[in-house]
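Asks: If you scroll down you'll find the structure; I have some questions about it.
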Amino acid sequence: MNFAVSVLAGVLCLFALPSCGQKSSHSKLGEAHARQQVQRVISAAAQTPFYKPLLPTKAVATAMMEPLLFSIYGKENIIRQRPYEVYLINGFWYLAGTLPEDMLGGTFELIVEAQNGRVVELTHGK
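Laid out in structure tokens, this is it:
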């Protein structure tokens, strides 16, 4: 049985090896098509998408953006800026850190598109 399997594997390899060196021909849509598709998507951006916003609530927006803020500014720094100001304005979440009134320093400000989670602006004062 093992001899028969070995012979079969050897024969299959003999047929498979010649095809390894051949160039594969793939059909490509091309750069012009890619540009057309990108332009279509950009021009349709103002239309209402078929899906619900990725960041539908204040809690979700905060939970999704905190790891980004932690990785850029440091977890301890961002946690000290709690509680955050979080507002949904015209389809964009505005998130900002707060500091105690007697404390000097800056906080982060983050504007994120609620529909797709795209970060529009991220700054940190000093």
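Under the numbering used here, the very last position in the sequence shown is 126; numbers go up by exactly one each time. Think of the CB as a built atom: it goes at the ideal place given N, C-alpha and C, for glycine as much as any other residue. Keep in mind it's a predicted model, so treat the numbers as computed, not measured.
(1) Can you tell me whether residue 112 is buried or exposed? The criterion is at least 16 other CB atoms within 10 Å of its CB, across all chains shown.
(2) Would you list, in sequence order, the uninterrupted alpha helix (DSSP H) runs of no fewer than 4 residues that lie entirely inside the region 29-100?
(3) Just curious, the beta strand (DSSP E) that residue 110 is in, first and last residue?
(4) Could you tell me if residue 89 is buried or exposed, where buried requires 16 or more neighbouring beta carbons within 10 angstroms of its beta carbon?
(5) Can you tell me whether DSSP reads residue 104 as helix, strand or coil?
(6) Judging by CA-CA distance, which residue of 29, 73, 99, 32 is the nearest neighbour of residue 82?
(7) By the three-class DSSP mapping on this structure, what secondary structure does residue 26 have?
Replies: On the basis of the coordinates in this document:
(1) By the 10 Å Cβ count, residue 112 comes out buried.
(2) Entirely contained in the region 29-100, the alpha helix (DSSP H) runs reaching 4 residues are, in chain order, 31-43, 58-73, 75-79.
(3) Where residue 110 is concerned, the enclosing beta strand (DSSP E) stretches over 108-113.
(4) Of the other Cβ atoms in all chains shown, fewer than 16 fall within 10 Å of the Cβ of residue 89; this residue is therefore exposed.
(5) Residue 104 falls in the coil class under three-state DSSP.
(6) If we check each option's Cα against that of residue 82, 99 comes out closest.
(7) The answer is coil: DSSP assigns residue 26 none of H, G, I, E or B.
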